[in-house]
Structures are given as C-alpha cells and as structure tokens.
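Chemist: To start, I am sharing the structure in question, which I have written as structure tokens.
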C-alpha cells in the first residue's frame with residue numbers, strides 16, 4: 006500500500022474504495038454503490054484557520070455514489086473511482102456544514118436524499134504514532150465492543166480500516182438482522198482479493214498513468230491525457246498558457262520569422278571559472294522553476310497547453326575560439342548568434358533554453374544564454390541569474406546549495422482562470438471608445454509582408470549629463486522616467502501622423518499584487534496594453550505626464566486583461582492591428598544581478614538580442630546613460646528612417662526639458678542637419694516669384710501653365726490645378742454672397758483636408774484673410790477671436806460645428822456659419838471661372854490672422870501679410 010500510489014497518483018481511499026466497489030458489486034450485482042464516507046474533517050477552507058494541531062472532534066460524514074464497470078481493467082476502474090472521489094467538493098466538508106447552514110428548501114432536498122446502508126472510514130496509520138515509543142505499544146488484548154450491542158447502529162454495515170504494525174486491519178461491523186455472517190465473510194474475502202489484485206497491478210514497474218484531476222486546469226479528458234502524455238513518469242503538471250503565451254506561440258508558429266521572441270543574453274566572463282560547477286548551478290536552478298521545464302502542445306486539443314516535466318537536462322555546448330584574432334571572433338560570433346536564432350526551439354520538447362560557453366583569447370570567455378520569451382520575461386532574468394551565481398558561490402565554498410522551494414507559474418495561471426474580466430473589459434471599452442484605426446508610423450513602406458521578416462536594430466545612447474537631467478525632471482514632477490518616455494513617444498507619433506489621438510503599446514509587469522510570493526516566481530507575466538494619449542494645440546508636457554501618471558492606477562487594476570480581448574471590445578476592426586509600435590521600459594536589474602554575484606566570477610559587458618512581432622519596438626534601458634534601442638521590421642522601414650526617428654526623439658526630449666511650457670506640437674523635433682536641409686536646401690530664400698501679385702494670382706498663373714498637373718494630395722484624394730482652382734472660385738463667389746467683402750476676415754474651422762485648402766484659397770480670392778480656428782479651443786477663446794476680427798463668415802462642416810453653433814446661436818455675433826457638407830449643392834451651382842474683382846491686388850495684403858496662446862494674458866491676433 007505504500008508503493009501503490011506512484012502508479013496513478015492515487016490516495017489511500019481511491020485504492021480501498023475501488024476494491025470495496027468491486028466486492029459489493031460482485032455480491033449485489035449493482036453497478037452503483039451508495040455509501041457514507043467518513044473523513045477527518047480538517048480540510049483547509051481558509052488561509053487564516055489551521056486545524057492541524059487543534060484537539061477536537063472534526064469528523065465529517067458525507068454521501069458517495071460510486072459507479073463501477075464490470076469487465077473493465079484494474080487500471081480503468083481505479084482511475085474511474087479516483088476521478089469520482091475527486092469531483093466531491095472539499096472532500097465532503099461542505100455537506101456536513103449544510104446540516105447547520107442550509108435553508109428550508111435545501112433541508113427538504115437533503116431529507117429526500119437516499120440513506121446509505123454502508124459507512125466506510127479509513128482511520129490512518131497508527132503504527133507511525135507508536136513507532137520508537139518506549140512507553141506505549143499496541144496492546145494485544147481485545148478492547149471489547151466499541152458500541153453497546155443493544156444500541157441502534159446508524160448503518161447496517163460499518164467498515165473501518167487502519168494500519169497497525171505494518172499491517173492493514175479491516176473491521177466489518179454489521180447488523181445480524183440484515184446480514185448473515187457468511188455473507189459478510191464472502192464480501193470481506195472478495196474485498197481483500199480485489200485489494201491484492203490492485204496492489205499487484207500498481208507496483209509493476211511499467212504501470213504508470215494520469216487522470217484529469219491530476220491536472221485540473223488543463224480541461225483534458227482521460228482519452229486526451231492518455232494520448233498526450235501516456236505513461237511518461239516525468240510529468241509534474243499540465244495547465245493552459247497565459248494569454249501572452251498564447252499570442253507568442255501563435256506568432257512563433259505562424260509568422261515567417263524564426264527569431265520572433267527568441268532571446269539571447271550574452272555575458273562576458275573575465276578570468277577563470279569552474280565550468281563544471283557553473284553547469285551544475287545552472288541545471289539546479291532550471292530544475293527549481295516549473296516554467297523552465299515546460300513544453301508546449303497545441304494540436305488536436307481545444308486550447309494550447311504547457312506540460313511541466315519534473316526534471317530536464319539543459320543543453321550546454323562548448324566552443325573554443327582561443328586561436329582566433331579579435332576581428333575573426335567578432336565575425337564568428339555574429340554568424341553563430343544568427344544560426345542559433347535560425348535554429349529556434351522545438352516547442353514540444355521541454356526546456357526552451359540552452360547555454361553556450363565560448364572560450365576566447367586572453368583568458369576570457371562568453372556565456373550565451375538563449376531562451377524563448379514564452380517561458381520567462383525580463384523581470385525573471387535577474388531572478389534566474391541571481392540564483393545561478395548564488396548557487397555557484399555556495400557550491401564553490403562546499404556549502405549546502407539548496408535554495409527555498411520556488412513558487413510555481415501554475416499559481417498565476419490559476420489566478421487568471423478565476424479572475425472576473427467583466428469590469429476590466431468595460432474599462433477598456435470606454436478607454437478606447439471612438440478610436441478606430443492604428444496610429445500610422447513614419448515612412449512605413451507598403452510591401453508584401455507575407456515573406457520572411459528580418460528585424461534589425463538601431464540605438465540611441467544619451468550622455469550621462471542629459472540622462473541625469475531627464476531623471477531629475479521626472480523626480481521633480483513626481484512621475485516615473487517611464488511615464489516621461491511614454492509621453493515623448495506619444496507626442497512623436499502625433500507629430501508624424503498628424504493625429505491628436507494616438508495609441509501605442511506598452512508593457513507592464515503583469516504580476517498581481519494579491520498573488521502570494523509572485524515577485525519570486527519565474528515565468529512570463531508581462532502583458533502588452535494599449536496606451537492612449539490625447540493632445541491638442543495647447544497641450545504642454547507637465548499636465549500630460551501628470552494625467553498619464555494618474556491613469557496608471559486604473560491601468561494597473563486591469564493590466565491582466567489579454568490584449569486580444571481588449572482589441573475585441575474596441576472600435577478597431579478585428580482584422581486590423583490595434584497599434585503598430587510598443588514601448589518597453591526595461592527597469593529590471595539584469596546587470597545588477599550579474600555584477601552583484603559572488604566575487605568568484607568577474608563579469609564584463611552584457612548584451613541582449615530580442616525582438617517582437619510588432620513593426621516597431623522601442624526598448625528603453627535606464628542606467629547612468631539612458632539607452633534607447635529601436636527594433637524594426639526591415640521590410641517596412643529602412644535604417645535611415647529609424648535613425649531619424651531616434652534623432653527626433655532626442656531633439657524632442659531636449660525641447661521638453663528646455664521649454665516645458667511650450668505646446669508639445671510646437672516643440673522642435675528636427676535635428677540641426679534637417680533644419681538646415683529644410684530651410685536652405687529645399688527652400689532657398691532666393692527663389693524667384695512675381696512680387697507684384699497676390700498668392701491666389703500666382704496660383705492662377707500655375708493653373709494656366711499646368712492645368713492638369715497634380716496640385717493637391719490628401720490621403721487617397723487628388724486634385725489637379727484646374728480642379729482646385731474651380732472649387733476655390735465657386736466657394737469664393739458663395740462667400741461673397743454671404744457677406745465677405747474686401748478686407749474681411751473669414752474664420753476656418755476645418756481639419757487638415759482638401760476642404761481646408763479650398764477654403765483658404767477661396768477666402769484669398771474673395772478679398773479676405775483667413776482666421777484658423779481649432780476645434781479644441783475653449784468656447785470663450787473662439788468667441789473672442791470672432792468678435793475681435795468681426796468675421797462675417799465661419800467655414801466649417803457638420804461634425805465640427807457644435808461649438809460654433811453654441812457661440813453663434815446666442816445672437817451676439819453677426820457671423821454666418823457656412824457648412825461645406827450641407828451647402829455643397831448651392832456652392833456647386835456657382836461659376837467656376839476666375840473672379841474679376843475691383844479690389845486692390847497689393848501683395849502686401851493680409852493673408853491670415855494668427856492668435857497667440859495667451860499665456861501672459863488675453864490672446865492677441867497677429868496679422869501676417871502675403872509677402
């Protein structure tokens with residue numbers, strides 16, 4: 006009985022009750038056996054209550070119905086009974102509690118339940134209590150009757166079993182009015198024969214197997230378990246993948262890129278190392294953590310699963326490059342790393358990691374740790390590295406290198422399976438409301454991405470002084486450096502795309518604060534979440550980063566939500582990406598874990614190679630010199646574009662520090678070289694143009710010279726010079742009908758579009774100057790600008806007109822609202838020929854009025870001439 010449980014992970018009652026079910030079924034002919042089962046009643050139902058050392062009577066009694074199949078093998082019957090017992094919640098603890106806590110309806114149901122004739126109780130192993138005890142031994146004399154023979158027994162048949170003196174003793178207490186002695190003897194003999202058969206089967210060396218209750222999170226039935234695992238003895242657990250793991254598995258299997266989520270960490274080792282001891286340390290740490298012993302299966306099952314092995318052998322290769330020169334070592338290293346990435350990992354083999362030890366010239370070595378991101382995240386790296394070098398140091402000193410038991414990644418999966426996602430999905434739905442398309446990236450090439458992907462990396466390294474200024478700025482504003490970098494990246498995307506509502510991805514640790522010991526569990530906890538930033542023309546850095554920091558509280562509450570579920574509740578179509586870039590802030594101390602290792606090892610430079618499946622990934626590595634790495638899909642971007650992005654980010658950060666009160670959309674972004682290129686090479690000040698003509702007259706000359714050339718491109722729309730001129734002429738005549746005269750100021754409240762250009766040109770043709778009105782301006786500011794300019798007309802369209810309707814509806818202003826979409830038919834009826842107006846065509850006429858931000862008082866209008 007001691008060895009029987011290793012076959013099918015059984016407990017003593019599984020074995021004893023399987024034998025009882027067979028003996029009762031053989032005697033009665035019934036395939037269902039109904040009995041009451043006694044238990045110790047000390048099941049754990051609260052972490053705050055420990056009954057293990059409490060004296061008292063806690064015995065629980067609960068009904069059990071066992072189904073027994075005649076003709077089945079010992080293996081199948083034992084597995085079946087085991088599973089039936091496992092399905093009883095809390096080992097019957099709740100049933101006993103119902104006697105005192107049930108309501109009236111529940112009591113009626115309990116009273117209607119059938120009454121069992123049999124009660125079974127396994128009392129335990131008494132010999133373990135009395136072994137090596139000099140004062141007490143088991144008495145050989147009879148203890149007499151435990152109950153009065155005249156009392157009414159609650160069950161006609163009571164079966165009590167226990168182990169005394171390394172022997173199983175089974176007591177059969179029965180009612181003579183219901184059972185004959187020979188009947189009980191027959192049942193008892195059959196019981197012992199069945200029990201002996203079960204024991205003999207289970208102790209066979211080739212007998213092994215699992216049942217669904219061994220892996221409660223897996224959702225597998227018995228047939229699936231037998232097919233996936235069979236009789237492998239080295240299986241510890243089976244459970245689902247986290248949502249992030251599922252995403253990584255999908256992209257790793259189906260993206261045309263062998264290196265997606267393939268990680269390489271390279272550590273330079275200076276001086277001598279006891280290699281065998283270091284190998285032992287590595288293998289010991291790998292076998293400490295379930296996540297590092299996992300394989301992954303996905304075929305012919307409802308959802309992917311990870312299979313955790315009890316122990317694995319870690320692949321370690323040794324390379325000798327001591328005879329090479331430095332240049333040859335560098336070339337060989339790059340080639341070897343690339344081949345290692347191309348080799349990838351077999352997900353169905355446990356331990357998705359391997360080590361390479363490279364001997365180099367000059368008594369140097371390099372340790373290369375390759376692993377798949379699916380088994381651990383950046384926060385786990387210092388845990389693993391720290392344990393490896395701690396174990397190495399202990400082994401070298403001849404001390405006990407056993408570390409405390411590690412937590413299991415399965416605890417995190419169990420947490421995710423039980424957490425309520427309703428509030429989280431509602432939060433994300435509101436958070437992303439009305440965001441309908443991914444924020445465009447700069448100079449993204451529209452290439453066929455169905456082929457093999459190649460990811461490359463450019464890097465920006467800030468100097469110590471500038472890094473210190475960034476850190477101090479963040480501290481002064483009580484925000485994290487991560488928040489500051491997120492804000493800068495969001496502003497950069499807004500500047501590139503022209504959108505004032507941008508979304509990009511950001512990684513979070515994903516380790517729930519209410520999961521015990523989560524900070525010491527190795528595995529993939531990180532999650533990628535959308536981060537949304539709203540900007541307007543007046544947004545400055547300080548309010549933005551403070552609002553972002555406050556926003557982190559809500560994001561933290563719901564950071565466990567799978568990205569696929571967030572995408573599903575958003576307004577972005579499912580066949581489109583929610584975002585194309587992510588920002589990863591790597592504030593986990595890998596270098597500290599390595600360099601704080603035992604002084605027996607001297608380490609040099611540490612490098613990492615990684616990339617995701619996103620087109621663009623910004624990786625920020627904080628240190629005394631901030632490092633920003635930009636990993637990108639080379640099929641979509643060229644290196645020059647990526648380098649410009651990094652340079653723009655650096656310039657923008659400088660602007661944030663030096664001009665925090667300047668609106669973010671107006672901060673400098675171009676490098677000095679680019680500014681010179683734009684101002685002097687592309688737009689030389691000595692360009693010849695007719696200085697005696699107005700802008701619209703110069704435009705009309707171009708119309709006459711090149712009527713069919715493309716004059717304007719906006720998205721998918723194109724207008725030739727002739728088409729643009731015709732539309733502007735018609736709108737100019739319509740503006741004249743609405744009261745625009747020579748010298749009038751015309752408000753234009755439109756988004757960047759063809760209509761905006763047509764409206765500007767039409768205003769100039771009608772003899773006016775335009776006043777740009779931003780829909781984000783406060784009502785009071787717009788009202789003041791219209792009063793100040795006495796604008797007779799404001800041009801807009803329906804979806805931007807709410808604020809203007811409110812302002813003009815009060816009657817205080819004599820300004821007409823022209824809605825281009827609603828009045829398109831009337832405008833189309835106007836003559837499209839050039840206007841011949843009698844007003845002056847002096848090129849010194851006003852072109853537009855721009856209003857200052859008003860940071861030092863009331864906003865002021867600045868008149869800008871056409872020349």
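In this note's numbering, the protein residues as written are 6 to 872.
Each residue gets a CB set at the ideal place from its N, CA and C atoms; glycine is no exception.
Fair warning: this is a prediction, and the values are worked out from it, not measured in the lab.
Please work out which residues of its chain come closer than 8 angstroms, Cβ to Cβ, to residue 454, disregarding the five sequence neighbours upstream and downstream, and give them in chain order.
Modeler: Within the chain shown, residue 454 is the residue found at index 449, counting from 1. Below a pLDDT of 50, predicted positions are generally treated as unreliable, and residue 454, at 49, falls in that range; no measurement from the model is reported.
Chemist: Hey, quick one: how far does the alpha helix (DSSP H) through residue 110 stretch, first residue to last?
Modeler: Locating residue 110 in the chain shown gives position 105, where the first residue counts as 1. Note, residue 110: alpha helix (DSSP H), 109-117.
Chemist: Helix, strand or coil: which one does DSSP assign to residue 835?
Modeler: Taking the chain shown and counting its residues from 1, the one referred to as residue 835 is at position 830. Residue 835: coil per DSSP, three-state reduction.
Chemist: Assuming residue 507 and residue 546 make a contact with CB atoms under 8 angstroms, what is their CB distance in whole Å?
Modeler: As a position in the chain shown, residue 507 is number 502, starting the count at 1. As a position in the chain shown, residue 546 is number 541, starting the count at 1. In fact, because the Cβ distance is near 15 angstroms, the residues do not count as touching under 8 angstroms.
Chemist: Hey, residue 565 and residue 381: beta-carbon distance below 8 angstroms or not?
Modeler: Along the chain shown, read from residue 1 onward, the residue named residue 565 stands at position 560. Along the chain shown, read from residue 1 onward, the residue named residue 381 stands at position 376. No, the Cβ-Cβ distance between residue 565 and residue 381 is not below 8 angstroms.
Chemist: For residue 72, write down the residues that DSSP places opposite it in a beta bridge.
Modeler: To locate residue 72, count along the chain shown from 1; it is residue 67. Looking at the DSSP assignment, residue 72 forms a beta bridge with 37.
Chemist: Leaving out five residues before and five after residue 429 in sequence, what residues of the same chain have Cβ atoms less than 6 angstroms from its Cβ?
Modeler: Residue mapping note: residue 429 aligns to position 424 of the chain shown, counting from 1. Counting only Cβ-Cβ distances below 6 angstroms, and skipping sequence neighbours, we find 563, 566.
Chemist: What is the residue span of the alpha helix (DSSP H) that residue 567 lies within?
Modeler: In the chain shown, counting from the first residue as 1, residue 567 sits at position 562. Neither: residue 567 is in no alpha helix (DSSP H) and is coded neither H nor E.
Chemist: Please tell me whether residue 465 and residue 651 are closer than 8 angstroms, where the distance is taken between their beta carbons.
Modeler: As a position in the chain shown, residue 465 is number 460, starting the count at 1. As a position in the chain shown, residue 651 is number 646, starting the count at 1. Going by C-beta atoms, residue 465 is nearer than 8 angstroms to residue 651.
Chemist: Using a threshold of 8 angstroms, state whether the C-beta atoms of residue 511 and residue 536 are closer than that.
Modeler: Position 506 of the chain shown, counting from 1, holds the residue named residue 511. Position 531 of the chain shown, counting from 1, holds the residue named residue 536. Result yes, Cβ atoms of residue 511 and residue 536 sit closer than 8 angstroms.
Chemist: Please confirm whether residue 244 and residue 379 have their CB atoms less than 8 angstroms apart.
Modeler: Taking the first residue of the chain shown as 1, we reach residue 244 at position 239. Taking the first residue of the chain shown as 1, we reach residue 379 at position 374. In this structure, residue 379 does not lie closer than 8 angstroms to residue 244 by Cβ.
Chemist: How about residue 851 and residue 869: are their beta carbons less than 8 angstroms apart?
Modeler: By one-based count along the chain shown, residue 851 stands at place 846. By one-based count along the chain shown, residue 869 stands at place 864. In this structure, the beta-carbon distance from residue 851 to residue 869 falls below 8 angstroms.
Chemist: With a threshold of 16 other CB atoms inside 10 Å of the CB of residue 617, please say whether the residue is buried or exposed.
Modeler: Indexing the chain shown from 1 puts residue 617 at position 612. In this structure residue 617 is buried. Its beta-carbon is surrounded by 16 or more other beta-carbon atoms within 10 angstroms.
Chemist: Would the beta-carbon of residue 393 fall within 8 angstroms of that of residue 286?
Modeler: What you label residue 393 is simply residue 388 of the chain shown in a count that begins at 1. What you label residue 286 is simply residue 281 of the chain shown in a count that begins at 1. Going by C-beta atoms, residue 393 is nearer than 8 angstroms to residue 286.
Chemist: Give every residue of the same chain whose Cβ lies closer than 7 angstroms to the Cβ of residue 3, excluding the five residues on either side of it in the sequence, and list them in chain order.
Modeler: Since the first and last residues shown for the chain are 6 and 872, residue 3 lies out of range.
Chemist: Could you check the C-alpha separation between residue 23 and residue 83 for me, to the nearest Å?
Modeler: The residue given as residue 23 occupies position 18 in the chain shown. The residue given as residue 83 occupies position 78 in the chain shown. Cα-Cα distance, rounded: 6 angstroms.
Chemist: Under DSSP, the alpha helix (DSSP H) around residue 729 begins and ends at which residues?
Modeler: For the purposes of this step, residue 729 is taken as the residue at position 724 of the chain shown. That run of the alpha helix (DSSP H) goes 726-742.
Chemist: Is residue 126 buried or exposed, if buried means 16 or more other CB atoms sit within 10 Å of its CB?
Modeler: The count along the chain shown starts at 1 and reaches residue 126 at position 121. So residue 126 ends up on the buried side.
Chemist: Tell me the DSSP secondary structure of residue 217 in three-state form.
Modeler: Sequence index remark: in the chain shown, residue 217 carries index 212 (1-based). Residue state, collapsed to three classes: helix.
Chemist: Would the segment 105-115 count as touching the segment 26-46 if we require 3 or more Cβ pairs under 8 angstroms?
Modeler: no
Chemist: For residue 633 and residue 624, I'd like the C-alpha separation in whole angstroms.
Modeler: Stepping through the chain shown from its first residue, residue 633 is reached at position 628. Stepping through the chain shown from its first residue, residue 624 is reached at position 619. Answer to the nearest angstrom: the Cα atoms are 6 angstroms apart.
Chemist: Please go through the same chain and pick out, in chain order, the residues whose beta-carbon is closer than 8 angstroms to the beta-carbon of residue 703, but skip the five residues on each side of it.
Modeler: Counting from 1 along the chain shown, the entry for residue 703 is found at position 698. If we look at residue 703 and ignore the five residues flanking it on each side, its Cβ neighbours are 694, 695.
Chemist: Measuring straight from C-alpha to C-alpha, what distance separates residue 770 and residue 718?
Modeler: Working through the chain shown from its first residue, we reach residue 770 at position 765. Working through the chain shown from its first residue, we reach residue 718 at position 713. Taking the straight line joining both Cα atoms gives about 21 angstroms.
Chemist: Please report the Cβ distance between residue 413 and residue 309, rounded to the nearest whole angstrom; I am assuming they are in contact, meaning their Cβ atoms lie under 8 angstroms.
Modeler: Translated into the one-based positions of the chain shown, residue 413 becomes position 408. Translated into the one-based positions of the chain shown, residue 309 becomes position 304. Here residue 413 is actually not in contact with residue 309; their C-beta atoms are around 18 angstroms apart, not less than 8 angstroms.
Chemist: To the nearest angstrom, how far is it from the Cα of residue 860 to the Cα of residue 490?
Modeler: Within the chain shown, numbered from 1, the residue matching residue 860 stands at position 855. Within the chain shown, numbered from 1, the residue matching residue 490 stands at position 485. Because the pLDDT of residue 860 is 49, which lies under 50, any placement of that residue in the model is unreliable, and the question is left without a value.
Chemist: Measure the alpha-carbon distance for residue 115 versus residue 100 and round it to whole angstroms.
Modeler: What you label residue 115 is simply residue 110 of the chain shown in a count that begins at 1. What you label residue 100 is simply residue 95 of the chain shown in a count that begins at 1. Distance between the alpha carbons of residue 115 and residue 100 is about 10 angstroms.
Chemist: Examine the Cβ distances between the segment 665-682 and the segment 496-505 and report whether three or more of them are shorter than 8 angstroms.
Modeler: yes
Chemist: Take residue 128 and list the residues in its own chain whose beta-carbon comes closer than 8 angstroms to its own, dropping the five residues that flank it on each side.
Modeler: If you number the chain shown from 1, residue 128 lands on position 123. Taken in chain order, the residues that qualify are 165, 166, 167.
Chemist: So what does DSSP say about residue 668, is it helix, strand or coil?
Modeler: Reading the chain shown from its first residue, position 663 is the one you call residue 668. In the structure shown, residue 668 sits in coil (DSSP, three-state: anything other than H, G, I, E or B).
Chemist: Which residues bound the alpha helix (DSSP H) around residue 693?
Modeler: Looking up residue 693 in the chain shown gives position 688. Counting along the chain, residue 693 falls outside any alpha helix (DSSP H), and DSSP gives it neither H nor E.
Chemist: Just the Cα atoms here: how many angstroms apart are residue 777 and residue 806?
Modeler: As a working mapping, residue 777 is identified with position 772 in the chain shown. As a working mapping, residue 806 is identified with position 801 in the chain shown. Using only the alpha carbons, I get a separation of about 14 angstroms.
Chemist: Under the assumption that residue 475 contacts residue 631 (Cβ atoms under 8 angstroms), give the Cβ distance between them as a whole number of angstroms.
Modeler: To locate residue 475, count along the chain shown from 1; it is residue 470. To locate residue 631, count along the chain shown from 1; it is residue 626. Yes, residue 475 and residue 631 are in contact; Cβ-Cβ is about 7 angstroms, under 8 angstroms.
Chemist: In chain order, what residues of the same chain lie with their CB nearer than 7 angstroms to the CB of residue 189, ignoring the 5 residues before and after it?
Modeler: Within the chain shown, the letter at position 184 stands for residue 189. Excluding sequence neighbours, residue 189 sits near 177, 179.
Chemist: Among 419, 46, 621, which residue has its Cα nearest to the Cα of residue 523?
Modeler: For the purposes of this step, residue 523 is identified with residue 518 of the chain shown, where counting begins at 1. It is 419 whose Cα lies nearest to the Cα of residue 523.
Chemist: For the alpha helix (DSSP H) containing residue 141, name the first residue and the last one.
Modeler: By 1-based counting over the chain shown, the position of residue 141 is 136. Neither: residue 141 is in no alpha helix (DSSP H) and is coded neither H nor E.
Chemist: Mapping DSSP to helix, strand and coil, what is residue 453?
Modeler: Along the chain shown, read from residue 1 onward, the residue named residue 453 stands at position 448. Note on residue 453: pLDDT 46, under 50, position unreliable in the model; no value is reported.
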